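K.L.:
Protein chains in written order, with the numbering used here: chain A, 1 to 298; chain B, 299 to 624.
#1: Can you confirm whether residue 376 (chain B), when its beta carbon is compared against all beta carbons of chain A, has any partner nearer than 8 Å?
#2: Is residue 270 (chain A) buried or exposed, if buried means 16 or more other CB atoms sit within 10 Å of its CB?
#3: Exposed or buried, which one is residue 61 (chain A) when buried takes at least 16 other CB atoms within 10 Å?
#4: Beta-carbon separation of residue 713 (chain B) and residue 378 (chain B) under 8 Å?
#5: Using a Cβ-Cβ distance cut-off of 8 Å, determine whether residue 286 (chain A) contacts chain B.
#6: How about residue 177 (chain A): is its Cβ closer than 7 Å to a heavy atom in the ligand MG?
#7: Whose C-alpha, out of B:344, B:594, B:442, B:418, is nearest the C-alpha of residue 273 (chain A)?
#8: Taking its Cβ as the centre, do 16 or more other Cβ atoms sit within 10 Å of residue 356 (chain B), making it buried, or is it exposed?
#9: From residue 278 (chain A) to residue 387 (chain B), what distance separates their C-alpha atoms?
#10: Could you give the first and the last residue of the continuous alpha helix (DSSP H) run that contains residue 549 (chain B)?
#11: First and last residue of the alpha helix (DSSP H) that includes residue 569 (chain B)?
#12: Please determine if the segment 515-529 of chain B and the segment 603-618 of chain B are in contact, where contact requires at least 3 C-beta pairs separated by less than 8 Å.
#13: Measuring CA to CA, which of B:548, B:514, B:598 is closest to residue 174 (chain A)?
#14: Out of B:597, B:484, B:555, B:450, point me to the one whose CA is closest to residue 249 (chain A)'s CA.
#15: Using 8 Å as the cut-off, can you tell me whether the segment 410-417 of chain B makes contact with the segment 490-502 of chain B, which would need three or more C-beta pairs spanning the two stretches below that distance?
#16: Could you tell me the distance, in whole angstroms, from the CA atom of residue 55 (chain A) to the CA atom of residue 485 (chain B)?
#17: Checking contacts by CB at 8 Å: is residue 153 (chain A) closer than that to chain B?
#18: Taking the alpha helix (DSSP H) that residue 327 (chain A) belongs to, which residues open and close that run?
#19: Using only the alpha-carbon positions, how far apart do residue 478 (chain B) and residue 390 (chain B) sit?
#20: Which runs of the alpha helix (DSSP H) fall wholly inside the segment 84-120 of chain A and span at least 4 residues, in chain order?
#21: Output, in chain order, the set of chain A residues within a Cβ distance shorter than 7 Å of residue 619 (chain B).
#22: Using only CA atoms, which one of A:76, A:148, A:260, A:263 lies nearest to residue 367 (chain B)?
#23: I want to see whether chain B comes within less than 8 Å of residue 38 (chain A), judged by CB atoms only; does it?
#24: Any contact of the segment 130-143 of chain A with the segment 166-180 of chain A, i.e. 3+ C-beta pairs under 8 Å?
#25: Just how far apart, CA to CA, sit residue 584 (chain B) and residue 237 (chain A)?
#26: Which of helix, strand or coil does DSSP assign to residue 455 (chain B)?
#27: Count the other C-beta atoms from every protein chain shown that fall within 10 angstroms of the C-beta of residue 188 (chain A), then say buried if there are 16 or more, exposed otherwise.
#28: Might you give, ordered along the chain, the residues of its own chain that have their beta carbon closer than 6 Å to the beta carbon of residue 567 (chain B), omitting 5 neighbours on each side?
#29: I want to see whether chain B comes within less than 8 Å of residue 159 (chain A), judged by CB atoms only; does it?
#30: Hey, is the segment 149-160 of chain A in contact with the segment 81-93 of chain A, meaning 3+ C-beta pairs nearer than 8 Å?
#31: List, in chain order, every chain B residue whose beta-carbon is nearer than 8 Å to that of residue 264 (chain A).
#32: When burial is assigned at 16 or more other CB atoms within 10 Å of the CB, is residue 620 (chain B) buried or exposed?
#33: Whose C-beta lies closer than 7 Å to the C-beta of residue 560 (chain B) among residues of the same chain, with five residues either side of it excluded?
#34: Less than 6 Å between C-beta atoms, sequence neighbours within five positions excluded: which residues of the same chain meet that for residue 39 (chain A)?
#35: In the structure shown, what three-state DSSP assignment does residue 240 (chain A) receive?
#36: Please confirm whether residue 596 (chain B) has its beta-carbon closer than 8 Å to some beta-carbon of chain A.
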């Protein structure tokens with residue numbers, strides 16, 4: 001037995017000492033090449049960010065150099081206060097928050113309730129209604145854009161923030177889907193036990209389900225914040241006066257020049273991108289889970 | 299443990315079991331109670347009522363009125379005037395309409411297959427074990443969370459033909475860069491290139507799908523002497539076809555509605571080369587106030603997207619493999 005093992009071992013050693021076969025060399029070289037390729041691609045994805053920050057720190061004459069300088073020298077930090085002073089940056093941020101906060105509030109209330117109804121109450125027709133809800137995600141928003149505008153104009157909401165806020169109180173198919181998927185992972189026995197104790201459905205939701213649902217609540221709140229922060233089309237259609245502009249609309253001010261001041265434009269863009277970047281990096285895990293879950297389901 | 303409610307009838311109806319059951323029956327006659335199924339149905343409907351109202355208010359009503367407006371001449375100020383199918387026949391003779399449809403088809407047909415292929419290849423690359431993998435995954439996804447205005451501004455500056463990063467990098471390898479957004483020939487390819495910066499979402503979908511590919515399949519293939527390409531083509535790709543379908547569908551629906559980037563970066567130019575479908579629709583509705591005309595365009599888009607999605611779904615039965623879920 002021992003001899004057999006020893007023989008086996010020496011065999012392995014002998015095999016190791018011989019030169020690796022051509023196939024192994026090729027596959028190892030391929031692995032290294034693929035890794036290098038991945039790094040090059042990663043760098044390529046990073047270049048636009050690098051170029052944004054680098055430009056944001058350049059003086060005008062450094063900005064318009066050909067060939068360009070990769071790194072700014074000397075570093076012009078003053079671009080930031082100057083760019084943020086050139087457009088009413090504080091006001092636009094405040095305006096964006098005035099829309100974002102009620103939108104998040106409405107989204108959370110409506111999507112929690114609807115997600116609960118679609119996942120934890122056994123009733124006929126439920127899954128059909130849920131399929132309809134999902135199907136609405138496939139319909140181009142351009143189809144409803146014109147009549148929704150006409151409707152809000154008739155209501156007298158044109159030129160106010162109401163068209164940007166109120167619809168969020170009536171659910172969003174994607175967030176409803178995320179809540180439903182999350183609620184379905186909670187064992188039904190918990191609900192059944194609460195029912196036996198005389199708890200109503202609303203009581204089960206608030207006392208049993210919500211305390212467990214913190215991760216999905218935070219994720220959807222952050223998604224909605226990003227959505228409002230980034231939204232361009234709805235503010236473009238419904239906001240009329242410049243002092244009501246959101247940050248996403250206001251940034252384009254820098255493009256109005258004959259020859260835009262790209263260093264200022266990039267400084268303002270950097271500051272506008274920062275909040276969503278920080279949020280994403282902080283909550284990366286739950287973001288990615290929520291995105292991949294749609295692909296698996298779809 | 300007995301509650302008060304359970305003890306009471308026993309005390310009252312001392313007569314016994316029969317008496318009690320008669321009492322219950324009588325009670326039912328007096329106060330008809332909902333069956334548990336009906337009660338659940340009503341509770342469920344109450345819970346989903348925000349969505350039900352939203353569905354009627356922001357989807358059914360606008361979609362239906364859009365259909366109605368599409369048969370009218372309507373500029374918001376005067377009441378809508380019924381003109382039959384005139385909007386549709388006018389569209390058929392509108393060169394700008396056909397141009398916008400061509401631009402959108404061009405953009406979709408190149409951008410979507412390109413991005414699905416790239417996302418698949420990058421997904422496979424980033425699925426391998428290598429140092430720095432988490433950072434790379436973050437890097438390729440981060441552009442997706444950047445607001446569209448910011449993305450548009452960054453890329454306008456990258457595309458700048460004199461001082462932009464792209465042409466100067468091309469100059470380093472001796473290539474005279476194109477004028478990008480400034481040329482009717484290059485403007486659409488420029489926007490397509492920018493869109494490849496935003497494939498992080500599809501990459502994530504592919505990465506998730508790759509987790510479900512059973513390892514033994516590869517081991518068996520290796521025993522049979524299959525190389526890396528054969529494994530990629532004959533095992534990996536068939537196993538992730540559901541992710542391909544998902545990326546194709548969402549990519550196409552998104553590409554048909556391309557708007558904000560073109561609106562900010564080129565405003566449809568130069569020479570209408572980036573006047574995409576929704577851009578022209580927007581101009582008709584909100585610049586020229588031809589709401590009826592815009593609604594007709596909206597319905598044509600709706601039908602195009604519906605047909606393309608259905609055809610993709612129908613064809614998927616032949617090329618999507620759903621065995622890899624277990």
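Beta carbons: idealized from backbone N, C-alpha and C, even for Gly. Model, not experiment: these values are computed from the prediction.
P.N.:
If we stick to the structure as given:
#1: Here residue 376 (chain B) refers to the residue found at position 78 when the second chain is read from its first residue. No, no contact with chain A.
#2: Within the first chain, numbered from 1, the residue matching residue 270 (chain A) stands at position 270. Classification of residue 270 (chain A): buried, given that the 10 Å Cβ count is 16 or more.
#3: Position 61 of the first chain, counted from the first residue, corresponds to residue 61 (chain A). When all chains shown are included, residue 61 (chain A) counts as exposed.
#4: Examination of residue 713 (chain B) is not possible in this model, given that chain B is present from 299 through 624 alone.
#5: One-based indexing of the first chain puts residue 286 (chain A) at position 286. By this cut-off, residue 286 (chain A) is not an interface position.
#6: Among the components of this structure there are no ligands whatsoever, and the ligand MG is therefore not found.
#7: Locating residue 273 (chain A) in the first chain gives position 273, counting from the first residue. Ranking B:344, B:594, B:442, B:418 by Cα distance to residue 273 (chain A) puts B:442 first.
#8: The residue you call residue 356 (chain B) lines up with position 58 of the second chain. Residue 356 (chain B) is buried by the Cβ-count criterion.
#9: Stepping through the first chain from its first residue, residue 278 (chain A) is reached at position 278. Stepping through the second chain from its first residue, residue 387 (chain B) is reached at position 89. So the alpha carbons of these two residues sit roughly 51 Å apart.
#10: Here the question's residue 549 (chain B) lines up with position 251 in the second chain. 539-554 is the extent of the alpha helix (DSSP H) around residue 549 (chain B).
#11: Looking up residue 569 (chain B) in the second chain gives position 271. Element bounds for residue 569 (chain B): n/a, residue is neither H nor E.
#12: no
#13: Translated into positions along the first chain, residue 174 (chain A) becomes position 174. Nearest option by C-alpha distance: B:548.
#14: Counted from its first residue, the first chain places residue 249 (chain A) at position 249. Among B:597, B:484, B:555, B:450, the Cα nearest to that of residue 249 (chain A) belongs to B:450.
#15: yes
#16: Counting from one through the first chain, the residue named residue 55 (chain A) turns up at place 55. Counting from one through the second chain, the residue named residue 485 (chain B) turns up at place 187. In a straight line, the C-alpha of residue 55 (chain A) is about 23 Å away from that of residue 485 (chain B).
#17: As a first step, residue 153 (chain A) is located in the first chain; it is residue number 153 there, counting from the start. Yes, because at least one Cβ of chain B sits closer than 8 Å to the Cβ of residue 153 (chain A).
#18: As shown, chain A starts at 1 and ends at 298. That puts residue 327 (chain A) outside it, with no answer to give.
#19: Within the second chain, the letter at position 180 stands for residue 478 (chain B). Within the second chain, the letter at position 92 stands for residue 390 (chain B). Approximately 31 Å, taken between the alpha carbons.
#20: 89-120
#21: Here residue 619 (chain B) refers to the residue found at position 321 of the second chain. Residues of chain A passing the Cβ test: none, with the nearest at roughly 15 Å.
#22: The residue labelled residue 367 (chain B) in the question sits at position 69 within the second chain. Considering only alpha carbons, the answer is A:148.
#23: Against the first chain, residue 38 (chain A) aligns to sequence position 38. So, interface residue.
#24: Touching, per the Cβ criterion.
#25: For the purposes of this step, residue 584 (chain B) is taken as residue 286 along the second chain, with counting starting at 1. For the purposes of this step, residue 237 (chain A) is taken as residue 237 along the first chain, with counting starting at 1. Roughly 8 Å between the two C-alpha positions.
#26: Residue 455 (chain B) sits at position 157 when you count from the first residue of the second chain. In the structure shown, residue 455 (chain B) sits in a helix (DSSP, three-state: H, G or I).
#27: As a working mapping, residue 188 (chain A) is identified with position 188 in the first chain. By the neighbour-count definition (other C-beta atoms within 10 Å, threshold 16), residue 188 (chain A) is an exposed residue.
#28: On the second chain, residue 567 (chain B) is found 269 positions in, with the first residue counted as 1. Here the set comprises nothing.
#29: To locate residue 159 (chain A), count along the first chain from 1; it is residue 159. Cβ-Cβ to chain B under 8 Å: no for residue 159 (chain A).
#30: no
#31: For the purposes of this step, residue 264 (chain A) is identified with residue 264 of the first chain, where counting begins at 1. By Cβ distance, chain B contributes nothing, its closest Cβ being about 11 Å from residue 264 (chain A), past 8 Å.
#32: Locating residue 620 (chain B) in the second chain gives position 322, where the first residue counts as 1. Exposed.
#33: Translated into the one-based positions of the second chain, residue 560 (chain B) becomes position 262. Taken in chain order, the residues that qualify are 489, 566, 572, 574, 577.
#34: Here residue 39 (chain A) is taken as the residue at index 39 of the first chain, counted from 1. Annotation for residue 39 (chain A): no residue places its beta carbon closer than 6 Å to its own, counting only its chain and skipping 5 residues before and after.
#35: By 1-based counting over the first chain, the position of residue 240 (chain A) is 240. Three-state result, residue 240 (chain A): coil.
#36: In the second chain, counting from the first residue as 1, residue 596 (chain B) sits at position 298. Taking Cβ atoms only, chain A reaches closer than 8 Å to residue 596 (chain B), which makes this a yes.
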